Amino acid sequence: MRIFLFAEIGLHLFFNLQIMIRYFLAVCLFGFSIWMSAQTAPHQYMFRVYLKDKPNAGYSVANPEKFLSGRSIERKNKQNVKVDASDFPVSADYLRMIQKSGAKIVSQSKWFNTCVAQVSDSAKIEDLKLLPFVDSVKYVWRGFINPAANYMRPRLEATDCGDEVAFDNVFGFTQLEFAVHNAAALADAGFRGKGIRVGVIDAGFTNFDAIPYFEGMAFFGYKDFVPTGYIFTASDHGTKVLSTMAVNKPNLMVGSAPEASFLLLRSEDARSEFPVEEDFWVAAVEYADSVGVDMVNTSLGYSDFDDKSLNYNHAQLDGKTSLMTRAADRAFEKGILVVGSAGNEGNKPWKKITSPGDARNILTIGAISPDSVITPFSSVGPTADHRIKPDLVSVGGPAVVIGQNGAIGLSMGTSFSAPFMAGLIASLWSINPELNRQQIINIVKQSADRYQHPDTIYGYGIPDFGKAMSVVLETLPTYDKKVTNNRFSIAPDAANKNYEVTLIEPEYTNDAYSVKLLNQQGIKVTERQFEEKKNFVSFPITDELSKTGKFIYFVIDSPFKQDVIRIKR
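Heads up: the sequence shown begins at 1352 in our numbering, then just goes up one per residue.
1. Should K1451 go down as buried or exposed, given a rule of 16 or more other Cβ atoms within 10 Å for buried?
2. Starting from the Cα of Y1904, find the closest Cα among I1918, K1912 and I1892 and give me that residue.
3. Which residue comes first and which comes last in the alpha helix (DSSP H) that contains I1476?
4. Leaving out five residues before and five after K1433 in sequence, what residues of the same chain have Cβ atoms less than 8 Å from its Cβ?
5. What are the boundary residues of the alpha helix (DSSP H) that I1776 is part of?
6. Determine the DSSP secondary structure at F1565, reduced to helix, strand or coil.
7. If you drop the 5 nearest sequence neighbours on each side, which residues of the same chain put their C-beta closer than 8 Å to that of G1513?
8. Can you tell me which residues form a DSSP beta bridge with Y1653?
9. Can the beta-carbon of V1531 be found less than 8 Å from the beta-carbon of A1611?
10. With H, G and I counted as helix, E and B as strand and the rest as coil, what does DSSP make of W1632?
11. If you drop the 5 nearest sequence neighbours on each side, which residues of the same chain put their C-beta closer than 6 Å to that of I1562?
12. In or out: S1927 buried (at least 16 other Cβ within 10 Å) or exposed?
13. What would DSSP say about D1760, mapped onto helix, strand or coil?
14. Please list the segments of the alpha helix (DSSP H) lying wholly inside the segment 1555 to 1619, counting only runs of 4 or more residues, in order along the chain.
15. Would you call the CB atoms of A1443 and V1400 closer than 8 Å?
16. For the beta strand (DSSP E) containing L1714, list its first residue and its last residue.
17. From which residue to which residue does the alpha helix (DSSP H) around F1625 run?
18. Which residue marks the beginning of the alpha helix (DSSP H) containing Q1526, and which one marks its end?
19. Just curious, the alpha helix (DSSP H) that E1922 is in, first and last residue?
20. Give me the DSSP bridge partner(s) of N1648.
21. With 16 other CB atoms within 10 Å as the buried threshold, where does V1724 fall?
22. Using three-state DSSP, classify M1503 as helix, strand or coil.
23. Provide the residue span of the alpha helix (DSSP H) that contains G1817, from first to last.
24. Is P1601 near Q1755, with beta carbons less than 8 Å apart?
25. Is S1781 buried or exposed, if buried means 16 or more other CB atoms sit within 10 Å of its CB?
26. So, does the segment 1709 to 1726 touch the segment 1736 to 1756, judging by three or more C-beta pairs under 8 Å?
27. By alpha-carbon positions, which one of P1727, N1712 and A1735 ends up nearest to M1763?
28. Assuming E1878 is part of the beta strand (DSSP E), what are its boundary residues?
29. How long is the line joining the alpha carbons of L1688 and N1787, rounded to whole angstroms?
30. With G1670 and G1691 assumed to form a contact (beta carbons below 8 Å), what rounded beta-carbon distance in angstroms separates them?
31. Given this structure, state the Cα-to-Cα distance separating S1745 from A1799, to the nearest angstrom.
32. Using a 10 Å radius around the Cβ and a threshold of 16 neighbouring Cβ atoms, would you call Q1880 buried or exposed?
33. At least one CB of chain B closer than 8 Å to the CB of E1696: is that the case?
34. Quick one, which of R1677, M1503 and M1397 has its alpha-carbon nearest F1495's?
35. Within a Cβ cutoff of 6 Å, which residues of the same chain sit near G1686, ignoring the five residues on either side of it in sequence?
36. Buried or exposed for H1804, please, with buried defined as at least 16 other CB atoms from any protein chain shown within 10 angstroms of its CB.
Written out as C-alpha cells, the structure reads:
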C-alpha cells in the first residue's frame, strides 16, 4: 500500500512537472515572440510639438462647464483660482492637420499648448516644422512599439486570513509610521481624509483590481496616458504607493488617508526612460485638474534618460526647466496641492533631488527610517537657485506596503514616504476643507521639528500632525453653545449636563451616522452611533472634559460626508 501510494504520488508529480514545463515553455515562447515582433518592427520616434496659439473654438472663461467638470470649477472657486485660456483644449483642427501630415498624436497638453507626435521616420518631423501653426519641436523618445507588452498578470500570493497577525493597536504594521508624526490622535479623532479627492500619478497599479486589501476603498476612476501597456499590469510601483494611503485593515495595516477618494493615473512607461514620460505626466495632471481632485501624489522623478543626450544637469534643477516641474507648479496655480518624492539618489553620483522635486510649490518629501534618521538614499537639495529641498521627510526606509502579490511587506524609497505624507495631509485637510492649499502647507511645515532651522537634507523636518491638528481645529467657525442647520442640531439640555445631537431629515437611515466628541486639544473623548429608530444621541459634559478647555468639537460622520463643529461652551 505504501509503495503504491508513493508510486501514485510520483506519477502525479511526473505529470504535474510535465504540465509545468509545458506552461513555462509556452510563456517563454510567448514572451520571445513578443520580443521578436518588437525587434523586427521599425524604430518609432516621438517629438514634442509646441504650437503657436489656440484659435477661438467657441470656448470662453464665462462658460467653463464646456471643458471642466463641475467639481473642478467648484474647487477653483474655493481656492480662488480664475479660469483662463490655458484651460481651453488644444486646437482639434491643428491636431487633425498634424495627423494628416503622417504623424500619430499620442499625447497633448492644454496648459503648455503642446502635443506629442509619433512618426516612423524622424525625417518626417521636418514636414511638421513647416506647418504654419507649429512653433518648434523637440525630440523626446525613440524605440519600438509593442502593443502586447505588460498585459500578463502575476499571481496573488495565497493567504489564509485566519493566520493573519492581529496587533493590539489599530494601526498594526504601520504603528511606527503614525508614531513618527504623532498622527495617531488625528486618525482616532476620525480625520482620515473623507471628502478629499487624491490623484495618484504613477507607473501602474498591477493587481489593484484583484487585491482584497483594497476592497471598500473609495475609488472614483482611473485613466492610462501611456500608449502601450495596461494600467493594472504594467507595474506594481503604484500599487505599493497607493497602499500606504488607502488600505484600511484595523489591527493589521492602516493607511494615512483610508477614507479619501482616489483617482489612479498612469504616466510612467517602466520599460524605458525618456522625456516623453513628462508629457504623459502633464496630460495626467491636467486630467486630474479637469475632474476636480484636491491633491496629487506623484512618486516619479527624472534626471537620467536612456538617451544620455537628453539628461538633465544640476544647473537645470531651477524650478523652470523641466516640463514636469513647470507642470507641477501650474497644477498648484490651478488649485491642486501637489506632493512628490525627493528621489533615491542620495548615495549615488547624482545625489540631488530629481524633477519635479525642484518645483517651487510642490511638497518634496525625503525619506527617514522609523527612528527618524535620514536614509542614505534620500535625495538632497538645494535647488540650483538655492531653495530648501526637500521640504519635509517621512518614513521610507523601510515603509509598509502591499505589492502585486497582494501581501503586506516592506519597501525602501522616497516613493513611499511621499504618499504616506500626502495621506496625512489629506486627513488633516479633511478637518476644514475650506482652507486653501497654501494654508494647509504652511500649517504642516510650521509643525515640523526643523521649521526654525531647515537644511538641505531633512528640509523643514518631520511634521507633528497632533500639533497641526490643533491648529486646523482652531480655524473652524465657532458656535456659541449650540448650532442648527438643515441636517442636524447640537445643543445642551435644559440642565446643561448633556449635549444632544439630533439628525434633521437624514438622507440615510439613522444608523448610518455616528458622532465623536473631542476635547479642545482634538483628543477623542467618546463616540456614539445612532440607532436605527432614534434620531438623537447624548453626550455627558463631565468635569474632566470641562477642565480641558472651553471649546469642544463634534465630528458627525455620514457615508460620504463629515462635518466638524466647534462649539464654545
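We treat Cβ as the ideally placed atom computed from N, Cα and C, and that holds for glycine. Being a predicted model, the structure only gives us computed values, none of them experimental.
From the atom records:
1. Counting other Cβ atoms within 10 Å of its Cβ, K1451 stays below 16 and is therefore classed as exposed.
2. I1918
3. Segment I1476 to K1480, the alpha helix (DSSP H) holding I1476.
4. Correct list, in chain order: V1412 and K1427.
5. Start and end: T1765 to W1780.
6. helix
7. Per-residue confidence for G1513 stands at a pLDDT of 47, beneath the threshold of 50, marking its modelled position as unreliable; the derived number appears in the next sentence. So the list is empty, once near-sequence residues are dropped.
8. S1706
9. no
10. helix
11. G1757
12. With the chain represented from 1352 up to 1920, any question about residue 1927 goes unanswered, as that position is not in the structure.
13. Note that residue 1760 is Gly in the sequence shown here, rather than Asp. Reduced to three states, the DSSP call for G1760 is strand.
14. 1588 to 1597
15. no
16. L1714 to I1719 is the extent of the beta strand (DSSP E) around L1714.
17. That residue, F1625, is in no alpha helix (DSSP H); it is neither H nor E in DSSP.
18. Q1526 to V1531
19. Past the edges of the chain, shown from 1352 to 1920, lies residue 1922, and the structure says nothing about it.
20. Paired residue(s): V1551 and V1690.
21. exposed
22. If DSSP states are grouped into helix, strand and coil, M1503 belongs with coil.
23. F1816 to L1824
24. no
25. buried
26. yes
27. P1727
28. K1875 to Q1880
29. 9 Å
30. 13 Å between Cβ atoms; not a contact.
31. 11 Å
32. exposed
33. As a matter of chain content, chain B is missing from the structure shown, which is built from one protein chain.
34. M1397
35. R1426, K1427, Q1430 and V1432
36. exposed
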